[in-house]
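Chemist:
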Amino acid sequence: MFILNVEGAVYRDGKWLVIERSSKEEHAGGMLSLVGGTVENEGFSKKLLERTLKRELSEEVGITIKDDVQYIRNTSFLLKDGKEVLDLVFFCEIETGEPFVKSSDEVEAIYWMTTDEIYDHPKSPIWLKESIQEAERLQFNVQFK
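With the first letter of the sequence shown counted as 1, position 64 gets the number 64 in the working numbering; the numbers rise by one all the way through.
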């Protein structure tokens, strides 16, 4: 059984919204990441992934995203305790708010970074770079269709 995690790739003015995860976080503490979190079990539900994205972006960085999100990619990984996580990344746009560190237990800092800055940053894990690469591909295709 997977733990289901969602992340939002938010793009504005040529830069991506990236957080530095709190050093208190067990998984990837202190590393750069997209904003996201774990999907909670609700039983029968509709638009659970979208609601989770909205909740996590609001709770962690204080923004509201538009309802229309686009799937980018999924990956899986193992936590230290052996549990398997399925991670889904979605392209999101800000509807209201300006990102700030709202949950210091989860977020150490907020950055707006170009793709090159993300690729070159020493705290950028490979999965973030791959997610940004796929998000950029989607962003480029949507923008010029």
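The beta-carbon is built from N, C-alpha and C at its ideal position, and this holds for glycine as well.
Predicted model, so just to flag it, every value in this text is computed and none were measured.
Thinking C-alpha only, which one of Ile-110, Gly-14, Ile-65 is nearest Asp-116?
Modeler: Minimum Cα distance to Asp-116 is reached at Gly-14.
Chemist: Quick check: Ile-19 and Val-107, are their CB atoms within less than 9 angstroms of each other?
Modeler: Yes, the pair counts as a contact, with Cβ atoms nearer than the cut-off.
Chemist: Could you check what DSSP says for Phe-2 in three-state terms: helix, strand or coil?
Modeler: The answer is coil: DSSP assigns Phe-2 none of H, G, I, E or B.
Chemist: Classify Glu-130 as buried or exposed, calling it buried when 16 or more other Cβ atoms lie within 10 Å of its own Cβ.
Modeler: With fewer than 16 Cβ atoms within 10 Å of its Cβ, Glu-130 is classed as exposed.
Chemist: Out of Ser-104, Met-31, Ala-9, which one is the CA nearest neighbour of Pro-125?
Modeler: Nearest option by C-alpha distance: Met-31.
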